[in-house]
Each structure stands twice: as C-alpha cells, then as structure tokens.
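Please read the structure below before turning to the comments.
In our numbering, the protein residues as written are 4 to 347.
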C-alpha cells in the first residue's frame with residue numbers, strides 16, 4: 004500500500020465562521036483517518052481562527068495563503084464567500100492539495116472548467132460540498148424511487164427557505180460577495196430535481212424578488228423542464244421560513260421528504276402516498292457532514308470518482324446562471340444546453 008492510502012489525511016479549513024466551527028470542523032476531527040490540522044481566516048480575524056482551531060489542537064495560520072502553502076496539509080475545505088471559491092480552489096489544487104469546496108463551486112460554468120483543469124493538472128481530487136446527499140434519508144428516498152413503488156418519476160417539488168434579517172451583516176446579503184438566495188439556499192432546491200432525474204433540465208424559467216433596500220435576490224420561484232413531460236417546481240428564500248422539503252411525484256404515488264436538509268442529529272422523515280394508503284418511515288439521525296468527509300477521504304485514497312462529480316457541479320453552475328438570466332428577462336424561458344447569455 005502507498006503512503007497516500009495509509010497515512011492520516013491532514014485537513015486545513017479556509018474560513019472560521021461559527022457554523023463551520025460547529026459542524027464541519029468536528030466532522031473532520033471525528034472521521035477515522037482524518038485530522039483537522041490547521042484553520043485560517045482573514046488576517047484581521049486571526050483571533051476567531053485561533054478560537055476555532057483550539058478545541059482540535061489545530062494551528063491557526065495568519066491568512067489563507069499561509070495555510071494553502073503549508074506542506075503539512077493534504078486536503079483543504081473551502082468555506083469562503085461565493086466569489087472566492089474558484090480562486091482559492093484553484094490555488095489550493097495548484098499547491099498540491101485535495102479540495103472539498105462549499106457550494107456553489109462556481110457561479111458560472113467557466114469557473115467550474117477552471118477548477119477541473121487545475122485538478123487534472125495537479126492530479127488532485129476536488130468535490131463540491133452538497134452534504135445533504137450524504138444523509139441516509141436521501142439514500143432511502145432513492146431506494147424507494149428505484150423500487151417502483153411510486154411509479155415513474157414525473158414531477159419534483161423542492162423548497163428551501165430560512166429568514167435572514169436586513170442589517171444583520173450576513174454576507175448572503177452582500178452582492179459583491181456573491182450573495183443572494185440563488186447561490187445560497189437555491190443550490191439545494193435546484194440540485195434535488197437534477198439528482199433524482201439524473202440530468203440537467205433542458206429549459207428553466209424563474210421569477211426573483213428582492214427585499215426592499217437590498218439588491219440581491221431574496222426569494223425565487225422557478226420551473227425546470229426535463230423533457231418527456233418531466234418537470235420540477237422549486238422555490239427558495241432568505242425572506243421567510245423555515246422550510247426544507249422535497250416531494251417526488253410518480254405515476255403511482257408520491258414520496259415526501261419533510262426535513263430534506265436535516266441538521267446533524269435530526270431524524271429523517273419520509274411519507275409514501277399511493278392508492279394503497281399512506282406509509283411513514285423514520286430514518287435515524289446521522290452526521291451527514293462526517294459522512295461527506297469520509298466519502299471524500301475514500302475518493303482521495305482510492306483515486307476513485309467523487310459522489311458529487313464535476314459534471315454535477317458544471318450542471319449546477321449552468322442552471323443557476325440560467326435561472327438568473329430568466330429572472331432578468333421577467334421569467335422568459337432559458338435553455339440550459341448552452342450559455343444562458345441570451346434568453347429566448
């Protein structure tokens with residue numbers, strides 16, 4: 004066995020928010036064969052990085068560049084503002100690190116292409132972090148769909164929403180940092196139909212709204228056409244909530260997942276409705292952040308494909324950009340087959 008397959012995978016984290024410190028960092032530390040080695044924040048927030056690193060015995064680096072250059076780091080988790088994802092993913096790959104990057108990997112397909120090129124040149128693994136895919140309730144939903152119990156999938160309905168207060172200082176409200184609902188809560192609701200249909204939609208149409216005083220989109224409703232009579236209806240928002248659910252409508256019944264983007268420690272709840280009646284299932288809680296870290300580590304060690312592929316990430320970026328283009332033209336349909344610069 005090679006050293007790569009046997010030694011501990013040493014992680015560094017770019018970004019030291021309370022959310023990352025409370026969910027992602029413990030997941031790395033708890034995953035067998037992984038160790039949280041270093042944390043970095045912006046230079047003026049060094050104290051926050053030190054506080055986040057201390058419980059794990061990790062080092063707090065002076066800035067992002069110092070962590071990426073650290074030869075004692077094998078893999079980097081990137082939890083930075085959306086506009087920084089491509090730059091720091093590419094820099095980490097070029098420094099010889101494997102990278103697990105928060106969604107969205109990029110806000111356009113060209114950014115994903117840059118990441119893919121850098122990963123190939125460096126022979127390193129990169130994956131977009133869609134932690135909800137690793138919760139066992141998603142696997143159970145896929146099993147029920149594959150069993151044929153609800154028939155052929157025809158419509159997916161997905162919603163994700165939680166309120167962020169105006170004046171909170173939250174970076175999701177800052178346009179210069181890639182803020183807005185479409186690139187924050189939107190990727191989850193958008194990903195669910197693509198996950199279960201196994202492809203990108205052929206065409207999308209969207210309407211965005213913005214809270215008074217803000218320039219980013221704060222709520223959206225969209226339709227997605229997957230061809231052959233298959234469709235999705237999605238809504239997402241940082242104006243209201245909480246709401247986190249998806250529904251798979253088949254030719255013989257419906258499968259509803261009531262807490263689709265469950266937090267660690269929360270059970271999954273599924274409901275199947277067919278002509279035979281209603282059936283409820285509870286899926287025991289799991290730390291899907293830890294499941295995600297473990298899956299990524301296996302891909303690194305085995306040299307295999309990642310659970311969220313670069314094709315998935317390119318689709319997500321292309322569809323997100325298409326939704327924005329449609330909304331900018333008052334909801335006119337936009338194809339996702341090509342760059343959505345010109346609405347139809």
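Just so you know, even glycine gets a beta-carbon here, dropped at the ideal spot from N, CA and C.
In the three-state scheme derived from DSSP, where H, G and I count as helix and E and B as strand, residue 14 is classed as strand. Shown here, residue 78 sits in a strand according to DSSP, grouped into three states. Excluding sequence positions up to five before and after residue 94, its CB lies within less than 6 Å of the CB of 71, all in the same chain and listed in chain order.
Secondary structure within the stretch 174-229: the beta strand (DSSP E) runs of 3 or more consecutive residues, fully enclosed, are 206-212 (chain order).
DSSP places residue 118 in the helix class (H, G or I) of the three-state scheme. If you check the CB distance, residue 311 and residue 200 do not come in under 7 Å.
Residue 247 is positioned such that its CB atom lies closer than 7 Å to that of residue 263. Going by beta carbons, residue 205 and residue 231 fall outside the 7 Å limit.
Assignment of residue 71 by DSSP, reduced to helix, strand and coil, places it in the helix class. As the crow flies, the alpha-carbon of residue 42 is around 15 Å from that of residue 104. Put simply, the backbone Cα of residue 209 is about 22 Å away from that of residue 113.
The C-beta distance from residue 237 to residue 193 rounds to 6 Å, short enough to meet the 8 Å contact threshold.
Excluding its 5 nearest sequence neighbours in each direction, residue 298 has C-beta neighbours in its own chain below 7 Å: 137 and 310, listed in chain order. Contact check between the stretch 316-327 and the stretch 60-69: fewer than three CB pairs, one atom from each, fall below 8 Å, which does not count as touching. In this structure the stretch 113-130 does not touch the stretch 153-162; the number of beta carbon pairs closer than 8 Å is below three.
Judged by DSSP secondary structure, residue 64 falls within the beta strand (DSSP E) whose first and last residues are 62-64. Between residue 271 and residue 286, the C-beta spacing is below 7 Å. Residue 38 and residue 253 have their C-alpha atoms some 43 Å from each other.
Beta-bridge analysis with DSSP links residue 272 to 285. Note that the C-beta distance between residue 283 and residue 277 is not below 7 Å.
Around the beta carbon of residue 162, a 10 Å sphere encloses 16 or more other beta carbons of the protein chains shown; the residue is thus reported as buried. Comparing C-alpha distances from residue 242 to each of 45, 290 and 189 shows the shortest one belongs to 189. Within the DSSP bridge table, the entry for residue 246 names 164 as partners. Take residue 308, set aside five residues on each side of it, and the residues of its chain with a beta-carbon closer than 8 Å to its own are 302, in chain order.
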